[in-house]
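Q: Dropping a structure here in structure tokens format, bear with me for questions.
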Amino acid sequence: MPQRSIDAFKVLSDYEYAATLTNEEWLSLSGNPEYHTLIADDPSLAEELIARFGMLVPGFSAALAAAASVPLTGFGPTVNRLAGRGGGSAAPSNAEFSIVGTSVPRTHGFGVVTGVGRYSENQTLPNMLFMKTLGSPYPHARIRSIDTSKAEALPGVHYILHRFNLPEGYQDVSLGSGPPFRYLFNEELIQVGAPVAVVAADSDHIGDEAIRQIQVDYEVLPAVVDFMEGTRPSTPKQWDNRLDGTILTIASPFVRGDVERGFAEADIVIENVTSMSTIQHAALELTTDLTWWSTEGARPQLTQIGPKRHAHGARSAIAQALKVDQSQVRVITPGYLGMSFGSFRDTDLPEIHSALLSWLTGRPIRFMSTRSEDMVTRTHRTQTRNESKIGVKRDGSITAFFTKKYGNAGAYRGGGGTGNSLGLAELYTIPNLRQENIDVFTNMYRYGSYRCTTHPNDTLAREPLIERAAYAINMNPLDFRLRNLSEVGNPETRRPFSNPGIRDTITQTAAAIGWREKWHAPKTREVRPGVFHGIGMACHECNHGAGGAPSTGSVVINADGTLTVVSGAAEVGPGERTVMAMIAAETLGIPMNRTRISPDVDSDFTADTGVTAGSRQTLSGGWGIHLAALDARAQLLDWGARKFVDDARVAGQTIQVSADQLDVRDGLVSFKDDPERRLPIAQVIAFASNPIIGRGAHIHPPTWERVAFATHAAEVEVDTVTGTISVTKYVAAHDVGRALNRMATEQQIEGGVIVGLGLALTEQLLVDGATGIPINDNILDYKVPTIKDVPEKIDVIMVENAKEYGVFGAHGIGEPPAALGFSVMVNAVYNAVGVWVEDMPLTREKVLNALKGR
Amino acid sequence: MKTFELHDATTVQQAVTLLGQLGPTAKVLGGGSDLISGVMKDWIQGKGMPLPSALVDITTIPQMTTIQVSGSGARIGAAATLTSIIEHQEIRRGWPLLVDATESVASPLIRNFGTLGGNINQRPRCWFLRGEKFDCYKKGGDFCFAVTGDNRYHAIIGGELCYIVHPSDTATALVALSAKTKIAGPQGEREVAFDEYFIGPRTDVLRENILQQNELMTEVSLPPLASNTKTAWIKLKDRQVYDFALVSVAAVVTSENGVWRDGRIVLGGVSPVPYRAKVVEDALQGKDIRANITAAAGAIRSVARPMSANSYKVDIAQGLIERAVLQALA
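First to last, the protein sequences are chains A and B. Just so you know, the first sequence maps onto residues 96 to 949 in the working numbering. Just so you know, the second sequence maps onto residues -16 to 313 in the working numbering.
Put into structure tokens, the structure is as follows:
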């Protein structure tokens, strides 16, 4: 074990610090759940680290070794489409598959739509106690004393745990990086809702009364509520900070060419400021865990059941926090859940409190947070402010682009939603580019991922300005984009795109919405008194959906010829488990109705295949399963060959058969050149005497620039009396590589569009500026759209440009669809009413104020 | 949630007696969608707003859930559900404004549970009032956080001390329809016009109406609409279900040849009480409505006192008054 605890966030952001790590400390990062969450949510964080420290960086060494032996090819400024190289014409068509490319209903969809599936809330144990948390009422305060005597006197209260009675050895346990540290219980509270004490009681209601009977003497401290205020030198520091105020990091700028020269060469230079409000998932399912210790065997064993997006990551985080071995912790994530799209990002304090309370009371602990606790203390996509500048020539070329992004990291040490935009680096040809990023700590909502981390903000910092530039030079924004499109790859790393479909997403979106016929000069189409028509579009590129290590899986072909798929890929809603089963079934030629995958992931029975984040599981878990199925297939065909030989021997014949002469389809092993000579799989397994076990572990070589491409466009009607923005038509085109499950991919895009519109139009989590206390931490006042608020029809276009790095050519689709709504709405509203409203969300007050020039 | 006693009343008299016996922290329970799953679940309390220790359920009183319509108008039991009002054919024919307003409340699920009396008497939605950590005037504290804080949804007319807006859609419609209510108390029953029922923070910051703790709203009565009278309801909300009015307008217009003879224009979501826009009505009196509505609607600006972040609501109120009156005429 290393002597010091390694700050994962610091490793990824402060290379001087990273340079001080010993080999042993680098190794310890591979078991650090925060490290894995950070790079899964934002793979670009690791890029610079790999460039500097190469093979030392956990999770990449094998891939780097593999890449070192394969020189990069196919990259050059003149290569526009990597035809033949990227899969395009060479890739098999959907017709060659029997399961992949079709629409397969969820393997456990029945339990979801009927509610009979076993959700975490349905899990109970005899004798369980209920945990309630007393959270800080202040954004920043120090606890002087805690008096629990009144609460303890309440009948039904079993245990109250807080900073001052924590068992020996747990005072120094913190989650994530620091300073400031997030201990199990802080003496210095850095956020509203930060735990002051937890109560174990006979019921939720008793616990609810008990936490209000705990007397706490607080010393209220100055808080940073406005993140831009956190950047000022006069703002009081909250830890020994060598930067101004509460700034966490000022990243080394991304520099290409010379932006000052680029702006000087431009005919027109335009600036804008775009900003994002704090948003939260409002997942239907609240944080819910059932936690208990058992004492079978020599050592105590902890089990926790709850909705999580990474059973193995939770296991490792819980083990670290409790200072036990990973083999003493078992985590089960039910596949029935109403969460994620980035919520439940990591293991948080209640999960550890539950384990301690269960140990101290000897009883199972059930914890279910309140809506307010979920909305305030779990993660968010937090505020950003982007100051951008573009230089263009009248011929439509871009000479320079500059962005400076500020991100509100909230009450923890980590990223704040800024980062270098891939969309700027490689979506358009921009010869001079500079990107700066500053992340700020506040005593506010904590940063995390919500259907992506930084990319929706990247797109917001870019696309409205792209549109402004087009208007400024009197060019149709569609033509401006097509003119500047770059379809090559990353100019800095020289990694090429694989079969990029960006141009197709633009042209097909434009055709579907009727861009050429409908686009008009701003505020020129009044459709009813005071109501104006507008149309806008945006393009998007990000590195989500790329996959990466760990990437494992296994399959079992059972005695009756059925297939069991064993994957550690947590279901978080969009049908990961169904896709794992489809990949295995397709690879093995076994029908879906003979294939089983459990809805839940149990860390005891599966290998780690990483967190279901970064839209990565289709490629990460998927590659693991695909290789496992190929492994099983090879064994099956080998046993099939032996079985054919043996059958012939029994019939008095001598034949020679090898596995490569055989194929397996529809549950039958047959000769390739004579499909009528065939055996049911069950007979092969019976002959083999054992079930066949296939295993897979994939190395993802960094040969390709693995990115998702999309274009969205919308028509809106903006009411200048009420400020209402109605979306009348929405088109979303995505380069999905290949849609493995056609229905699920379509749903994922539709769902993302709806999320994107809600975030663009109504959702924002607010605090009272004077006190720093949340004011709309509930789903009445935090306005998530309902089915009545979304466009009746969303046209989904799936561009299937198969990727060479993808399982069957696929690229992940989870996050990108939610990333464009902001920019599409800004652009469409401008086209409708001629004002730029670029501060999210586009509430009616902002629209009306802009129209009135207020 | 805090432990409480639950009493099922079977008669109005019994309910009044129980309220008296159980004392100041006893509350009337209708559908419970605000009282239980709002105020009590969220521990909304203060010196002037104690959490209920006992609830008296009045939905168990049969006579309080009935709806009767005759030539002299309609009588709706205060415990009738919102859905039962929406589905009542004679109410639909006679008072479409009330039906439209009722149908714009929350969602089908809540309308199935929520009662008319409950909708009228629910507590305001101000996010400071509803925040456990804000001890505001309305809870008996000594501050209005909306004055310094985020007041985008707060009052633009008639705020004083406290800047809540009245949350009820049905109340807005009932004032426009010149409805009355019956109140039962220890001294028996009295009838009060809704014009006199709602009170602003200057009168009593702890309450939104004249109902005393030991009293019970039993019935709402609606007079028939005068001849040549048309109505309209517009409710602007940020979300089409589960949302309160940002601004709502109930318009009752009695006209002859397009000339305003009588009527009421009542706004929801703008003031601590359902706000009757007399200035607009007066500006239309005896005039051709279509020719004068734009100017008349603008008169609302003369009574509006917007806060730091809600002047956009004045624009909306003005625009929607115009639209509602024209919609009534159409």
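A virtual CB, placed ideally from N, CA and C, is assigned to each residue, including glycine.
If you reduce the DSSP assignment to three classes, tell me which class His131 (chain A) lands in.
A: Reduced to three states, the DSSP call for His131 (chain A) is helix.
Q: To the nearest angstrom, how far is the alpha carbon of Met323 (chain A) from that of Ala412 (chain A)?
A: Computed Cα separation, rounded: 32 angstroms.
Q: Please classify Gly288 (chain A) as buried or exposed, where buried requires at least 16 neighbouring CB atoms within 10 angstroms.
A: Classification of Gly288 (chain A): buried, given that the 10 Å Cβ count is 16 or more.
Q: Looking only at its own chain, which residues have a Cβ that is under 7 angstroms from the Cβ of Ile304 (chain B), when we skip the five neighbours before and after it?
A: Taken in chain order, the residues that qualify are Val232, Ile248, Ala260, Val263, Ala280, Ile283.
Q: Alpha carbons only, please: which of A:Lys883, A:Ala641, A:Asp876, A:Lys767 is nearest the one belonging to Ile134 (chain A)?
A: Selected option, being the one with the closest Cα: A:Ala641.
Q: If you check the beta carbons only, do Leu112 (chain B) and Ile27 (chain B) fall under 8 angstroms apart?
A: The answer is yes: Cβ separation under 8 angstroms.
Q: For a cutoff of 8 angstroms on Cβ pairs, would you count Met(-16) (chain B) as touching chain A?
A: At least one chain A Cβ lies under 8 angstroms of Met(-16) (chain B).
Q: Within 8 angstroms (strictly less), CB to CB, does Val165 (chain A) reach chain B?
A: Note that Val165 (chain A) scores 49 on pLDDT, short of 50, meaning its location in the model is unreliable and no value can be drawn from it.
Q: Answer yes or no: does any C-beta atom of chain B fall closer than 8 angstroms to that of Lys613 (chain A)?
A: So, not an interface residue.
Q: Drop a sphere of 10 angstroms on the beta-carbon of Ile36 (chain A), count the other beta-carbons inside from all chains shown, and report buried for 16 or more, exposed for fewer.
A: Summary: the structure shown does not reach residue 36 (chain A), with chain A confined to residues 96 through 949, and so no result is reported for it.
Q: At what residues does the alpha helix (DSSP H) containing Asn552 (chain A) begin and finish?
A: Start and end: 550 to 567.
Q: CA-CA distance, Asp109 (chain A) and Gly509 (chain A)?
A: Each residue's alpha carbon lies about 11 angstroms from the other.
Q: Can you tell me where the alpha helix (DSSP H) holding Met935 (chain A) begins and where it ends?
A: It is not in any alpha helix (DSSP H) - Met935 (chain A) carries neither H nor E in the DSSP assignment.
Q: Tell me the rounded alpha-carbon separation between Phe592 (chain A) and Ala827 (chain A).
A: Rounded to whole angstroms, Phe592 (chain A) to Ala827 (chain A) spans 21 angstroms at the Cα level.
Q: I need the DSSP call for Ser254 (chain B), collapsed to helix, strand or coil.
A: Of the three classes helix, strand and coil, the one that applies to Ser254 (chain B) here is coil, per DSSP.
Q: Use the C-beta contact count for Arg425 (chain A): other C-beta atoms within 10 angstroms, 16 or more gives buried, fewer gives exposed.
A: It counts as buried.
Q: Compare the C-beta of Gly310 (chain B) with all C-beta atoms of chain A and state if any pair is closer than 8 angstroms.
A: The amino acid at residue 310 (chain B) is misidentified as Gly; the sequence shows Gln. So no, Gln310 (chain B) is outside the interface.
Q: What does a CB cutoff of less than 6 angstroms around Arg176 (chain A) pick up in its chain, not counting 5 residues either side in sequence?
A: Caution is warranted here: a pLDDT of 34 is assigned to Arg176 (chain A), below 50, making its placement in the model unreliable, and the coordinate value is therefore given only provisionally. Nothing listed; no residue qualifies.
Q: Run down chain A in chain order and give the residues with a C-beta less than 8 angstroms from the C-beta of Trp216 (chain B).
A: Simply none; closest approach about 15 angstroms.
Q: At the level of alpha carbons, what is the spacing between Leu852 (chain A) and Ile374 (chain A)?
A: Near 12 angstroms, if we compare the C-alpha coordinates of Ile374 (chain A) and Leu852 (chain A).
Q: Closer than 8 angstroms, CB to CB, is Tyr295 (chain B) near chain A or not?
A: Chain A, which has a Cβ nearer than 8 angstroms to the Cβ of Tyr295 (chain B), makes this yes.
Q: Measure how close the beta-carbons of His829 (chain A) and Ile908 (chain A) come, nearest whole angstrom, since I'm counting them as under 8 angstroms.
A: So it is a contact: roughly 6 angstroms between Cβ atoms.
Q: Give the interface partners of Gln223 (chain B) over in chain A, defined as CB-CB distance under 7 angstroms, in chain order.
A: Residues of chain A passing the Cβ test: Thr881, Lys883, Asp884.
Q: Where does Leu(-11) (chain B) land, buried or exposed, given buried means 16+ other C-beta within 10 angstroms?
A: Leu(-11) (chain B) should be labelled exposed.
Q: Which residue or residues does DSSP assign as beta-bridge partners of Glu810 (chain A)?
A: DSSP, once it has assigned bridges, lists A:Ile630, A:Lys824 as partnering Glu810 (chain A).
Q: Measuring only the C-alpha atoms, how far is Pro944 (chain A) from Val311 (chain A)?
A: For the record, residue 944 (chain A) in the displayed sequence is Asn; it is not Pro. Taking the straight line joining both Cα atoms gives about 44 angstroms.
Q: Give a yes or no on contact between the region 733 to 749 of chain A and the region 613 to 621 of chain A, applying the rule of three or more CB pairs nearer than 8 angstroms.
A: The region 733 to 749 of chain A vs the region 613 to 621 of chain A: no contact.
Q: Spatial neighbours of Val(-1) (chain B) within its chain, please: CB distance less than 8 angstroms, with the 5 preceding and 5 following residues excluded, ordered by chain position.
A: The residues are Ala167, Gly168, Pro169, Asn197, Glu198, Leu199.
Q: Could you tell me the boundaries of the alpha helix (DSSP H) in which Arg445 (chain A) lies?
A: In the sequence as presented, Arg is not what sits at residue 445 (chain A); that position holds Pro. Per DSSP, Pro445 (chain A) belongs to the alpha helix (DSSP H) from 444 to 456.
Q: I'd like to know whether the C-beta atoms of Val294 (chain A) and Lys227 (chain A) end up nearer to each other than 8 angstroms.
A: Closer than 8 angstroms, so yes.
Q: Can you find a C-beta in chain B that's less than 8 angstroms from the C-beta of Asn944 (chain A)?
A: Chain B, which has a Cβ nearer than 8 angstroms to the Cβ of Asn944 (chain A), makes this yes.
Q: Using 8 angstroms as the cut-off, can you tell me whether the region 386 to 401 of chain A makes contact with the region 422 to 439 of chain A, which would need three or more C-beta pairs spanning the two stretches below that distance?
A: Touching, per the Cβ criterion.
Q: Using the DSSP secondary-structure output, state which residues sit across from Val252 (chain A) in a beta bridge.
A: Bridge partners of Val252 (chain A): A:Ala296.
Q: Compare the C-beta of Lys116 (chain B) against all C-beta atoms of chain A and say whether one is closer than 8 angstroms.
A: Chain A contact via Cβ: present.
Q: How should Met150 (chain A) be labelled, buried or exposed, when 16 other C-beta atoms within 10 angstroms of its C-beta is the threshold for buried?
A: Burial call: exposed.
Q: Closer than 7 angstroms, Cβ to any Cβ of chain A: which residues of the region 125 to 153 of chain B, in chain order?
A: Residues Phe128, Thr131, Gly132, Asp133, Arg135.
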